[in-house]
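One structure is given here, and the rest of the page talks about it.
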Amino acid sequence: MLEHERVVIHTGRRSRLPVIVAVHSTALGPAAGGLRLWHYPDWRDGLTDALRLSAAMTAKFAVAGLPSGGGKAVVALPERGELDDARRRDALRDAADAIALLDGVYATGPDVGTSSEDMALIGETTPHVFCRPTALGGSGDSSPHTAQGALAALRAVSRRLYGTACLDGRRLAVVGLGRVGARLARLLAAEGAALTVTDVDPDKRRIGDELGAVWRSPDETLTADVDIVVPAALGSVLTRRTAADLRCRAVVGPANNQLATPDVADLLHQRGILWVPDYVASAGGVVNAVSTELHRASADEARARVRAIEETVGEVLDTARRHGRTPAQAASELARRRLHAAPDPAAPPTASPGVGTR
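Numbering (the working numbering), first residue to last: 697 to 1054.
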């Protein structure tokens, strides 16, 4: 049974591409999530992605304690071939139309295949957008805050494993050197971590050289003999096979949808490998953007919410250990509790204390 509140699917009138908007929950507030332009073997694979990612956004906001629900938008591109600039703009405008029709139920930001500049284009059609360029009054590129949030999560894990949040001398393997992964690798290098890095793009090796990191192939980096593996690329990197091959004590990183299947979390737990759910570790960027642009928090308040990811991860790990559960189960429990505690928007308002009726 579909657990989502609303799913919109249509063919874009300009681009003729499938446009999907999935609103998973608005229990805590209007939904928010990224817009993904990505290649899929079939458009229904894009739908599957939107459904899964929007549910993860609900959990991400609930665990972070933010008054937002989960959503996701996907424009499903053909598996082969690239869009020219004109058709890409058409696809973005088609996505903007779909978001505008929801009239504030869902707001979108950047995701795989989209940028702050793309949000500016969408913002010409609908105000329900975040992470526009700072010159246009938005919060700009979310990747620095995503990297800061992942660093906060890594500090919490280091404290659990080694009794200190200090990462100096810890051996970390960063899988993926895109916008977030490269920023995080630089932060880790500044902390004194010993890095092994990789990316599917061999040109990214220059980043590793810049940081004095060891460069390995993606498969070798994932299974390197290190303290912590840091997934920072696309999802489904943790499969039943790779879970059996890992040689680290923990897996913590900003990549979304790291588990190929949910049971991999149990396999990691059985092997004594601590895995922090990706929707907890990757929350920094969207926490900052939604806090400042949708909830009108100050920059200082938003930064504090990103830093609080360290406390959140600590709470999740404490709960997991106390109750003999996996961190994935503990995080899901925390999200469920906060969602169930949300007020019913259909319930009549209660009278203020001390106010009578006649």
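Don't be surprised by glycine CBs; every beta carbon is placed ideally from N, CA and C. Owing to the predicted nature of the structure, the values given are computational and were not obtained by experimental measurement.
Continuous beta strand (DSSP E) stretch holding residue 842: start and end: Run containing residue 842: none in the beta strand (DSSP E); it sits in the alpha helix (DSSP H), 839 to 858.
Residue 1022 to residue 720 span [Cα, whole Å]: 24 angstroms
Own chain, CB closer than 7 angstroms to residue 914, minus 5 neighbours either side, in chain order: 871, 894 and 896
Among 841, 830 and 801, the one whose alpha carbon lies nearest that of residue 822: 801
Secondary structure of residue 736, DSSP reduced to three states: Residue 736: coil per DSSP, three-state reduction.
Local conformation of residue 896 per DSSP, three classes: coil
Three-state secondary structure assigned by DSSP to residue 980: helix
N-terminal and C-terminal residue of the beta strand (DSSP E) that residue 969 is part of: Neither: residue 969 is in no beta strand (DSSP E) and is coded neither H nor E.
Simplified DSSP assignment, three categories, for residue 1009: helix
Short Cβ contact (8 angstroms threshold) for residue 724 with residue 1038: yes
CA nearest to the CA of residue 949, picked from 808, 971, 788 and 727: 971
N- and C-terminal bounds of the alpha helix (DSSP H) containing residue 907: 901 to 907
Helix, strand or coil at residue 703 according to DSSP, with G and I counted as helix: Three-state result, residue 703: strand.
Neighbour-count burial assignment, residue 1036, 16 or more Cβ in a 10 Å radius: exposed
Assigned exposure category for residue 860 - 16 Cβ within 10 Å defines buried: exposed
Per DSSP, cross-strand counterpart(s) of residue 765: 727
Continuous beta strand (DSSP E) assignments of at least 3 residues falling wholly in the region 801 to 834: 802 to 806
Per DSSP, cross-strand counterpart(s) of residue 867: 890
Own chain, CB closer than 6 angstroms to residue 1052, minus 5 neighbours either side, in chain order: Confidence at residue 1052 is low in this model, with a pLDDT of 33, below 50, so its placement is unreliable and the value that follows should be read with caution. Cβ neighbours of residue 1052 beyond the five flanking positions: none.
At least three beta-carbon pairs within less than 8 angstroms, the region 867 to 884 to the region 999 to 1018: No, the region 867 to 884 is not in contact with the region 999 to 1018.
Straight-line Cα distance separating residue 898 from residue 955: 25 angstroms
Bounding residues of the alpha helix (DSSP H) (the contiguous stretch that carries residue 914): 914 to 918
Reduced DSSP secondary structure (H/G/I, E/B, other) of residue 927: Here residue 927 sits in strand by DSSP.
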